[in-house]
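One structure is given here, and the rest of the page talks about it.
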Amino acid sequence: MKSGIYIVNAENREGTTGPEKLRITTKMKEKHKCAVRGSRCLVLMTVSLGLICVLLLVFIILQHITITAERDLIKSYKNTVEEFNQTINSLQDNYTDLMIEKDQLQNIFNLVIQKKLELETTVNNLTVEKDQLQRSVECLSQTKLELESRVTSLNFISTSSELKSWSDSRQYCRDHGGDLVIINTEEKQESVWIGLSDTEDEGNMKWVDNSPLNQG
Numbered sequence: 001m002k003s004g005i006y007i008v009n010a011e012n013r014e015g016t017t018g019p020e021k022l023r024i025t026t027k028m029k030e031k032h033k034c035a036v037r038g039s040r041c042l043v044l045m046t047v048s049l050g051l052i053c054v055l056l057l058v059f060i061i062l063q064h065i066t067i068t069a070e071r072d073l074i075k076s077y078k079n080t081v082e083e084f085n086q087t088i089n090s091l092q093d094n095y096t097d098l099m100i101e102k103d104q105l106q107n108i109f110n111l112v113i114q115k116k117l118e119l120e121t122t123v124n125n126l127t128v129e130k131d132q133l134q135r136s137v138e139c140l141s142q143t144k145l146e147l148e149s150r151v152t153s154l155n156f157i158s159t160s161s162e163l164k165s166w167s168d169s170r171q172y173c174r175d176h177g178g179d180l181v182i183i184n185t186e187e188k189q190e191s192v193w194i195g196l197s198d199t200e201d202e203g204n205m206k207w208v209d210n211s212p213l214n215q216g
């Protein structure tokens, strides 16, 4: 049997008067209106629930998308932080290596500076020794010149093996920057010409420096 609201015609009902029929008809109309209103409310509630479900579903989807995006973002942040940490560790290792190399280079530089100072000291000492040697050489050169001058000014004995006359022997000595030797002892008068003669004043013996002969 179908459900529904049926309006009964009050005129066909037996035993009902006019006012009663009117009341019955009014009540039936009110019931009909209430039924229509309830149906509309039910439809509205159903539509509202559907919209709420749709909105809830959309919210859940958006929430899921947001959570997924946040998870991806957090994961990306974590990866970035790990990369930063690795980079920082690598830079720290490089910094440590550079500091070690810096210390080694500083030690080498200090050694080089020390060697430089030692070499400068050695060079200064050698310069002093060189100056001393130079002065010594100059003194020796001066002494050599003085000795050469003395040797030149001294009378010397001819070492020639050729026999010469007195005049030739004296000339030979003069040609070599000297003169015949002057001796005062008999031991030095053997086998050599001496600087004593009487060529300028016969019978008056004089040495080549014009000093008289000492008798004895």
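In this text, residue positions in the sequence shown follow full-length UniProt numbering: the first is 1, and each later residue adds one. The beta-carbon is built from N, C-alpha and C at its ideal position, and this holds for glycine as well.
Option in SER197, THR122, ASP168 with minimal Cα separation from ILE182: The sequence position of residue 182 within the sequence shown is 182, counting from 1. Selected option, being the one with the closest Cα: SER197.
Bounding residues of the alpha helix (DSSP H) (the contiguous stretch that carries ASP168): Here residue 168 refers to the residue found at position 168 when the sequence shown is read from its first residue. Looking at the DSSP string, the run of the alpha helix (DSSP H) that includes ASP168 is 166-175.
Straight-line Cα distance separating LEU180 from GLN120: Along the sequence shown, read from residue 1 onward, the residue named residue 120 stands at position 120. Along the sequence shown, read from residue 1 onward, the residue named residue 180 stands at position 180. According to the sequence shown, residue 120 is Glu rather than Gln. Rounded to whole angstroms, GLU120 to LEU180 spans 58 Å at the Cα level.
DSSP state of LEU196 mapped onto helix, strand, coil: To locate residue 196, count along the sequence shown from 1; it is residue 196. Strand, per DSSP.
Classification of ALA41 by the beta-carbon crowding that lies within 10 angstroms, buried from 16 upward: Counting from 1 along the sequence shown, the entry for residue 41 is found at position 41. Reading off the sequence shown, one finds Cys at residue 41, where the question assumed Ala. Exposed, since its Cβ has fewer than 16 Cβ neighbours within 10 Å.
Contacting residues, own chain, Cβ-Cβ under 7 Å from SER158 (five flanking each side not counted): As a working mapping, residue 158 is identified with position 158 in the sequence shown. With a pLDDT of 45 at SER158, under the threshold of 50, the predicted position of this residue should be treated as unreliable, and no value is reported.
Environment of GLU202 [buried if 16+ CB atoms lie within 10 Å]: The residue labelled residue 202 in the question sits at position 202 within the sequence shown. It counts as exposed.
Contact set for GLU101: own chain, Cβ-Cβ below 8 Å, skip 5 residues either direction: What you label residue 101 is simply residue 101 of the sequence shown in a count that begins at 1. If we look at GLU101 and ignore the five residues flanking it on each side, it has no Cβ neighbours.
Opposing strand residues paired with LYS206 [DSSP bridges]: Start at 1 with the first residue of the sequence shown, and residue 206 comes out as number 206. Looking at the DSSP assignment, LYS206 forms a beta bridge with SER197, PRO212.
TRP166 beta carbon less than 8 Å from that of TRP193: Working through the sequence shown from its first residue, we reach residue 193 at position 193. Working through the sequence shown from its first residue, we reach residue 166 at position 166. Cβ atoms of TRP193 and TRP166: closer than 8 Å.
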